Each structure stands twice: as structure tokens, then as C-alpha cells.
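Input: a single structure, listed below in C-alpha cells.
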Amino acid sequence: MSISDRSNPPLPAPGEETASAAALQRDRDLLARWRDGDVEAGTTLLDHYSGFVRKVALRAGVRAGADFEEFWQDLVLRLLQQLPDLTGRLRTSFAGYLGWQVRDQLRSWRRRERRSGIVTEHVVVVHHDEPGDRMAFWEALRACAAGLPPREQAVFEHRFLGGLDLTEVAARVDSNANAVAQAVFRLVRRLRDCLLTKGFDGPGDLL
Amino acid sequence: MNCPAPEHLLAYAEGAALPDVATHVATCANCRKQLAELGAFETLLASQAVAPAAERERLRSATWRLLQGGPARSTAPVRRFPVWPALGVAALAAAVLAALTLWPAAHGLTNLGVHSYPVEGGLRAEAGLRFAMTLRVADPRWVAIWELGAGTGKRLLPDASAPLPTYGVTFPLPAGDHRIPAAELLDFDVAPNTAPQQLLVIATPEPLRADQLAAIDALVGKGDQAAFWPQLSQQFPEARLLAFPSR
Ligand SMILES: [Zn+2]
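This is the structure:
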């Protein structure tokens, strides 16, 4: 993929006019402006997702505070290196892409910790109650997820909150990749429908 | 082509190199809709987590500074501030603070870090500091370093008056990661209460001549960054300013 790919954005799907689709487009626009040298656009985009990255990283055992801030800076540098063709790498959303980058970086982070002899306790804590979080949303999501069949609940937890990929989730829930993939697409639709009934659609404006 | 199996579509969504799926997705509204729904959900979820306000602000400032050093078209001199807040009592014991490199890896001089620690045995209130730098060069380089304070600027390296003018470092540094000074025994000393605010590091493919060093000494001597930085950064593309870690 190259910079000239900008004329062919694969997303959003035609006809989808929701606030979520608008948010997807907003992220793509910010990304394109950032790539063209607009530092403010890049900062705005990354700032918007700093809480998400923090949640994933802390959940994976990175300590809050200075450790996470260092992790964040490494992540920003990683994204900078990918910036020239980053738009072409997006398959679903910038948020989704960011999630995979966080995951990759967590791996090298752990390797580094092992090398330097630093021992981190990888305590899995569900940080749904961070001070700045939008509590109403996480409550609604919890309620909606509780309405999923048990297998889908597990898939949701592992893939969307635990950052595991298709193969890893399949191993965790003792299923095959195709069944897990079906569950992912199905649960996304169910959760979005459920969240809609509770008044949550797209993120809309930047926080 | 029929729509790919869900596992292949999802593997593609997760970044797998699947050219057939990519080709199909480009022309199939159905698959694109599925990916868009997934993307919208990811975006929604990721937008609902917010870092605590103070931390978020620090992350935002750090981001801004890092991006300034990236492939931005801005040619304005970059304003820089210390990135790390005081780390409190933890600093007493750990005594190693890393300063942030302000530039991405696209440049020849990267991974700049400052590691400072109190001189052992001193009382905290009157203890001096020692520090060392770490850095990475993409190609063989000579390096010169100045410490900058409020209204002052002084060359640390090379220092003809020091017992070891290059602090045990042999130049040019080969490509790779390095520590300056070469060993802890030789680390830079800072007198009590005179920690620099910033360090100026200049890497060059040839050694700086004595007259060039003297000219830079004079330029940075007053510590007025706004006055010297535009000229220096233009003259030396691998000049870097980095915040000295606050304590
Ligand atoms: Zn299809």
C-alpha cells in the first residue's frame, strides 16, 4: 500500500449513516491529515484513544503511571514509523488497528522486561471503573454482554477486552476458528443492537 | 468469488495477509458491511475509555512533542518541555529516571535517554547528582553534549580540561546503542541544586573542529534556546534537545 491509495478507502460500507460510521470516517480524515503533516490532527486522534490504550495495557499488566507513559511513547513512535502507509493498513477501523499495535507492543514490552530482569505481576483487573471512564456506557455494555449466550460472552471478553486474536480466542474457548469468527460477527451485531436500545450508538464527537 | 469463510474474513480484519480476501472485500458490499460493523463497534468501545485527566494531559503533551519530531511539514523550531513529572519518593530509591527521546527512529540519532541518580552517601538535601546518557546512532558518529540551565550553557563533551576529554568514549561511535560516559565510574557530575534543565546533543559524521565547538559554546552560553535553536537545528540536522529528568 502506498500514499496514492487514498482515493480508495474501503470503509465505511455504503449506505451506513450511523454516528459510528461518522466516527470511522472522522478517524480516517484525521489520519490522512496527520500523514500529510498536520501534527494537531495526529495528536487529536491519538489523544482520543489514549484511554483505550491505557485500559488494554493496564489490563495486560503494564503499571499505571510512569510505566504506562513510557509504553505510550513507544507506541506513538511505532505509529509514526508506520504513518506513511498506515491508512492502507486499516482493515476495520483505526481503533481496531490500534488495538493490534498495543498487543504487539505488549509482547516486546514483556520481552524487554524479561531481559532486564524486571518482574511485573500480570494481574488481570477489569478496569471498568477508571475515574474518567464513561461509566454509563460500561454498565450498559456489561448488561448487554450478560445477555449473550455463554460462549459468545467468553469470545467477547477474550477478543474485545483481552486483546486476543482469532486463533488465541479459539484455543481459549476450545472451539474452531470458523465458529469463533461467526460468534464475533454475531455478537458485534447483538451488542450494537442492545447498546442502541440503551441509547449508545457512535462515539460521535471527540471526547 | 463467493464470500470468504468468516474465519478468513476475521483473520483479514486482524491484519493477516490474505490477498484473495482483500480483492474480494474491495468489491463486495456485504463483506464490507460486516467489516464496517466490526470497525464501528471497535471504535465505539475504544472511545469510551478515558484516562484520568492529569495523566491524559501528560500523554497528550508527550504525543504532541513526539509528533513534532516526525515527518511533519512544520519547520518552526520545536518548543520542548520536560516530559516526566516529578516521580516523587520512588526516585529516592530507584534513582534512575529516564528522559524521553523527543525524536522518532526515522532520524540517525535516536533513543536518547538520560539516567540520573544521586551520589551515594550524600544526604538527599545536599546530594549532588550523576548522570549518563544513552543513545543510538544509525551510522558512525561523533557526539558533542552541552548542559543548559536558566541563562547558562556549558559544554560537557568533549572537554579538553577533563582527565578524559571524551569520558572514555571512542569516536566515532559505531552504529548501534551506546552509553556516554563509557562507564559509571566516569559519569557526569552535577553539583547540588544545579541540575541542568536540558541537554543539547549534536551528532555529526565528522568530528566538530575546535572553532565550531567554540562557536556553539558562545551560541548556547546564555542558555537562550529561542535564540540559538533555529540556527543550530538548521546547521546540524542531528542536533537534539532533551529534557533533563526532574526529580
Ligand atoms: Zn463478500
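For the record, the sequence lines run as chains U and D. Mapped onto our numbering, the consecutive letters of the first sequence carry residue numbers 1046 to 1252. Mapped onto our numbering, the consecutive letters of the second sequence carry residue numbers 3 to 249. Backbone N, C-alpha and C define an ideal beta-carbon position, used for all residues, glycine too. All of these numbers come straight from a predicted model, not from anything done at the bench.
> Quick one, what's near ligand 1 if you take every residue whose CB is closer than 6 Å to any heavy atom, in chain order?
Replying inline: Those satisfying the condition are, in chain order, C5(D), H26(D), C30(D), N32(D) and C33(D).
> Roughly how many angstroms separate the alpha carbons of V1218(U) and P207(D), rounded to a whole number?
Replying inline: Going by the C-alpha atoms only, they are around 56 Å apart.
>> For A15(D), count the other beta carbons within 10 Å of its own beta carbon; 16 or more makes it buried, fewer makes it exposed. Which is it?
In response: Classification for A15(D): buried.
>> Could you tell me the alpha carbon to alpha carbon distance between S251(D) and W148(D), rounded to whole angstroms?
In response: As shown, chain D starts at 3 and ends at 249. That puts residue 251(D) outside it, with no answer to give.
> In chain D, which residues lie less than 7 Å from L1131(U) when you measure between Cβ atoms?
Replying inline: Within chain D, no residue comes near L1131(U); the closest Cβ sits about 12 Å away, beyond 7 Å.
>> Taking 8 Å as the threshold (C-beta atoms), are L111(D) and R211(D) in contact?
In response: The beta carbons of R211(D) and L111(D) sit no closer together than 8 Å.
>> If I follow the unbroken alpha helix (DSSP H) through K1100(U), where does it start and stop?
In response: Unbroken alpha helix (DSSP H) run through K1100(U): S1095 to R1104.
> In chain order, which alpha helix (DSSP H) runs of at least 4 residues are fully inside the region 196 to 223 of chain D?
Replying inline: Along the region 196 to 223 of chain D, the alpha helix (DSSP H) occurs as fully enclosed runs of 4 or more residues at 212 to 222, listed in sequence order.
> Does the beta-carbon distance from A53(D) to G1244(U) come in below 8 Å?
Replying inline: No, these two residues do not count as a Cβ contact at 8 Å.
> Taking only runs of the alpha helix (DSSP H) that begin and end inside the region 1192 to 1241 of chain U, which ones reach a length of at least 4 residues, in chain order?
Replying inline: List check, alpha helix (DSSP H) in window: 1195 to 1201 and 1211 to 1217.
> Can you tell me the Cα-Cα spacing of L1015(U) and R1152(U), whole angstroms?
Replying inline: Nothing can be reported for residue 1015(U), as the shown portion of chain U is limited to 1046 through 1252.
> At a Cβ threshold of 8 Å, is L1122(U) touching chain D?
Replying inline: Chain D contact via Cβ: present.
>> Here's the rule I'm using: 16 or more other beta-carbon atoms within 10 Å means buried, otherwise exposed. How should V1150(U) be labelled?
In response: According to the sequence displayed, residue 1150(U) carries Gln and not Val. Under a 10 Å Cβ-count criterion, Q1150(U) is classified as buried, with 16 or more other Cβ atoms of the shown protein chains found around its own Cβ.
>> Quick check on this structure: which residue in W1183(U), R1104(U) and R1099(U) has the alpha carbon closest to the alpha carbon of E1114(U)?
In response: Comparing Cα positions, the closest option is R1099(U).
> In chain D, which residues lie with their C-beta within 7 Å of the C-beta of T1137(U)?
Replying inline: Per Cβ cutoff of 7 Å: A15, L37, L40, G41 and E44.
>> To be precise: take each residue of the region 59 to 72 of chain D, compare its Cβ to all Cβ atoms of chain U, and keep it if any distance is under 7 Å. Which residues remain?
In response: For the region 59 to 72 of chain D, residues whose beta-carbon sits nearer than 7 Å to a beta-carbon of chain U comprise R60, L61, R62, A64, T65, W66, L68, L69, Q70 and G72.
> beta strand (DSSP E) containing V145(D): first to last residue?
Replying inline: Residues W144 to G151.
> So which residues on chain U does S235(D) lean against when the C-beta distance must stay under 8 Å?
Replying inline: None at all; the shortest Cβ gap to chain U is about 16 Å.
> Do V116(D) and F246(D) have their CB atoms nearer than 8 Å?
Replying inline: Between V116(D) and F246(D), the CB-CB gap stays under 8 Å.
> Closest Cβ-Cβ distance between T1088(U) and chain D: below 8 Å?
Replying inline: It does; some Cβ of chain D falls within 8 Å.
> If we cut at 8 Å on Cβ distances, does S49(D) have a partner in chain U?
Replying inline: Taking CB atoms only, S49(D) has a neighbour in chain U less than 8 Å away.
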